[in-house]
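Residue numbers (my numbering), protein chains in the order written: chain A, 81 to 227; chain B, 396 to 455.
Below, the structure is given as structure tokens:
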């Protein structure tokens with residue numbers, strides 16, 4: 081039932097750090113290259129090619145998957161549920177915070193929806209994959225044995 | 396029924412002490428497997444460890 085030895089041993093902290101690094105890089109780049117840029121007018125549309133942002137968001141995404149599949153997340157049936165609830169609350173809090181931050185910064189909802197896509201989908205994805213995987217490893221949900 | 400501390404029981408069941416605490420306080424309903432293991436370790440029957448309450452019949 082709890083045969084999870086194949087899971088990586090320590091993906092929680094590296095996952096958090098990777099996701100946060102990605103987010104910081106992403107936000108840093110967004111702010112730095114907005115117009116007028118802190119690097120000066122001459123660099124607008126000059127130095128930034130956008131692919132750094134792809135790397136940043138890959139960090140963000142991979143970090144969340146590392147978190148979702150962390151071995152330390154799975155201890156037993158009760159703490160599993162507690163952690164899942166904590167993840168849900170985090171997702172809700174993050175969504176509300178993102179709404180507030182973008183609204184206060186840009187005063188519109190259009191860019192907010194784009195931001196929300198990149199900000200919360202990895203989190204929800206991680207939660208869904210974790211639920212799916214936890215459901216499959218629960219002893220009375222081994223579908224292949226029921227056939 | 397055997398006397399056993401929360402930590403010892405948790406260790407033998409392979410769960411956290413937090414889980415045992417939650418079961419004892421009625422915050423968490425354990426799986427059938429865990430309930431049966433608990434009863435076996437405490438040298439008793441599941442029916443003596445757990446009982447149905449009036450509120451359990453109400454649909455959520």
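For each residue, glycine too, the CB sits at the ideal point set by N, CA and C.
Which value, in whole angstroms, describes the spacing of the CA atoms of residue i and residue j?
i: residue 396 of chain B; j: residue 136 of chain A; result: 58 Å
i: residue 430 of chain B; j: residue 160 of chain A; result: 17 Å
i: residue 499 of chain B; j: residue 408 of chain B; result: For chain B, the structure presents residues 396 to 455; residue 499 of chain B sits outside this window and is missing.
i: residue 133 of chain A; j: residue 109 of chain A; result: 7 Å
i: residue 432 of chain B; j: residue 138 of chain A; result: 44 Å
i: residue 90 of chain A; j: residue 148 of chain A; result: 12 Å
i: residue 404 of chain B; j: residue 415 of chain B; result: 8 Å
i: residue 451 of chain B; j: residue 425 of chain B; result: 14 Å
i: residue 142 of chain A; j: residue 95 of chain A; result: 7 Å
i: residue 446 of chain B; j: residue 423 of chain B; result: 14 Å
i: residue 188 of chain A; j: residue 182 of chain A; result: 8 Å
i: residue 441 of chain B; j: residue 101 of chain A; result: 50 Å
i: residue 402 of chain B; j: residue 448 of chain B; result: 27 Å
i: residue 174 of chain A; j: residue 180 of chain A; result: 10 Å
i: residue 153 of chain A; j: residue 144 of chain A; result: Reliability of the predicted coordinates at residue 153 of chain A is poor, the pLDDT of 46 falling under 50, and the value obtained from them is presented with this limitation in mind. When rounded, the distance between both Cα atoms is 13 Å.
i: residue 162 of chain A; j: residue 105 of chain A; result: 31 Å
i: residue 172 of chain A; j: residue 197 of chain A; result: 14 Å
i: residue 419 of chain B; j: residue 92 of chain A; result: 30 Å
i: residue 439 of chain B; j: residue 176 of chain A; result: 49 Å
i: residue 406 of chain B; j: residue 166 of chain A; result: 24 Å
i: residue 190 of chain A; j: residue 178 of chain A; result: 13 Å
Residues of chain A with CB under 9 Å from residue i, in chain order?
i: residue 410 of chain B; result: 155, 156, 157, 158, 159
i: residue 435 of chain B; result: Here the premise fails: no neighbours, minimum Cβ distance about 16 Å.
i: residue 414 of chain B; result: 155, 156, 157, 158, 159
Using beta-carbon positions only, say whether residue i and residue j come within less than 8 Å of one another.
i: residue 156 of chain A; j: residue 427 of chain B; result: no
i: residue 437 of chain B; j: residue 444 of chain B; result: yes
i: residue 140 of chain A; j: residue 103 of chain A; result: yes
i: residue 170 of chain A; j: residue 98 of chain A; result: no
i: residue 417 of chain B; j: residue 158 of chain A; result: yes
Closer than 7 Å by beta-carbon distance: list the chain A residues that pair up with residue i, in chain order.
i: residue 423 of chain B; result: 158
i: residue 429 of chain B; result: 157
Based on Cα-Cα distance, which residue from the options lies nearest to residue i?
i: residue 185 of chain A; options: A:158, A:197, A:107; result: A:107
For chain E, find out if any of its Cβ atoms is closer than 8 Å to the Cβ of residue i; answer yes or no.
i: residue 133 of chain A; result: Within the model displayed, chain E is absent; protein chains A and B are what it includes.
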